[in-house]
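Below: the structure, in structure tokens.
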Amino acid sequence: MELRVMTFNIRNGLAEDGPNGWEFRKHKTAETIRQASPDVFGLQEVFDFQLDYLVDQLSEYECYSIGRNDGQTAGEHCSILWRKGVFHRADAGTFWFSDEPEAPGSMTWGNQITRICSWVDLAEGFRFLNVHLDHAHAESRRKSVDLLLNRLPTTPWILAGDFNAEPEWPEMKALSNSSKVELVTATNKIGTFHNFGGGIGGERIDHIVLPVGTDYRDTQVIVSETEIPFPSDHYPVVSTVKIS
């Protein structure tokens with residue numbers, strides 16, 4: 000089975016971003032997703048009002064999403080969406096990057112912002128995991144990678160998200176050097192975080208990760224807009240993955 004997967008940090012809608020504020024760019028965010036046409040994808044920095052808008056605009060998708068602050072709706076979400084009628088949810092959950100991963104809102108690794116991984120088991124035979132690691136604390140990211148490696152299932156899986164780390168940084172090396180995983184590299188190697196400035200020279204911090212040996216192709220960073228308002232301060236990353 001081949002499917003097109005994507006990760007996209009859509010920038011939190013409460014940020015005071017002037018002409019790049021959510022109300023000015025939300026239609027472009029939805030259109031970027033629509034044009035990318037993923038089968039399954041993860042979004043980061045999603046507040047519930049942003050999710051409501053996107054779900055309304057992208058009615059061909061179903062969704063699993065909870066807030067990181069309380070395990071319900073409060074705070075940012077790591078939302079997972081999949082095509083209706085093509086994929087079917089069998090199970091889903093969220094864990095927190097802390098010493099108490101089942102405790103909503105927990106954070107014990109030095110980060111001042113709650114960080115999570117949401118996941119969905121699809122009945123078609125694989126798990127999709129969506130993460131947003133800490134932007135400020137390398138030790139938190141490293142411990143998060145360790146927890147991720149311990150939580151990967153034995154069945155097929157796809158891991159995607161904003162890792163807030165470039166491929167050559169130690170925390171990403173700890174992930175890519177594991178015998179379990181392969182870090183997917185976009186063929187155009189464009190920076191994914193542009194901070195509403197556009198261009199291609201930003202940090203490569205958004206990644207797709209697969210079980211070692213998984214076939215994939217056509218991995219790209221999508222530069223969809225070159226003028227204000229941008230769809231986000233990040234570019235999405237897409238890849239076609241073969242699940243067997």
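Residues 0 to 243 (numbering that gives the first Met the number 0) are what the sequence shown spells out, left to right.
For each residue, glycine too, the CB sits at the ideal point set by N, CA and C.
What is the residue span of the alpha helix (DSSP H) that L146 lies within? A137 to R150
Classify S175 as helix, strand or coil using the three-state DSSP reduction. helix
On the DSSP letters alone, give me the boundaries of the beta strand (DSSP E) that V237 sits inside. V236 to K241
Closest by C-alpha distance to N194, when choosing among M0, L2, E15 and R33: E15
Report the three-state DSSP secondary structure of G92 (helix, strand or coil). strand
Taking 8 angstroms as the threshold (C-beta atoms), are I79 and V119 in contact? yes
Quick check on DSSP: helix, strand or coil for P26? A quick correction: the sequence has His, not Pro, at residue 26. H26: helix per DSSP, three-state reduction.
Count the C-beta pairs between the segment 207–216 and the segment 29–40 that are closer than 8 angstroms, then say yes if the count reaches three, no if not. no
Nearest neighbour of N68, chosen from Q49, T93, V144 and W108 [CA to CA]: T93
According to DSSP, simplified to helix, strand and coil, what is T186? coil
Assuming contact is defined by CB atoms lying nearer than 8 angstroms, are P169 and R203 in contact in what I supplied? no
With a cut-off of 8 angstroms on the beta carbons, I'd call A159 and V54 a contact; round off their distance for me. Not quite, the Cβ-Cβ distance comes to about 19 angstroms (not below 8 angstroms), so this is no contact.
Within 10 angstroms of its Cβ, does Q111 collect 16 or more other Cβ (buried), or is it exposed? exposed
If you drop the 5 nearest sequence neighbours on each side, which residues of the same chain put their C-beta closer than 7 angstroms to that of D90? D120
Since I believe V220 is in contact with A173 (beta carbons under 8 angstroms), could you give me their beta-carbon distance rounded to a whole number of angstroms? Going by Cβ atoms, the distance from A173 to V220 rounds to 23 angstroms, so no, they are not a contact pair.
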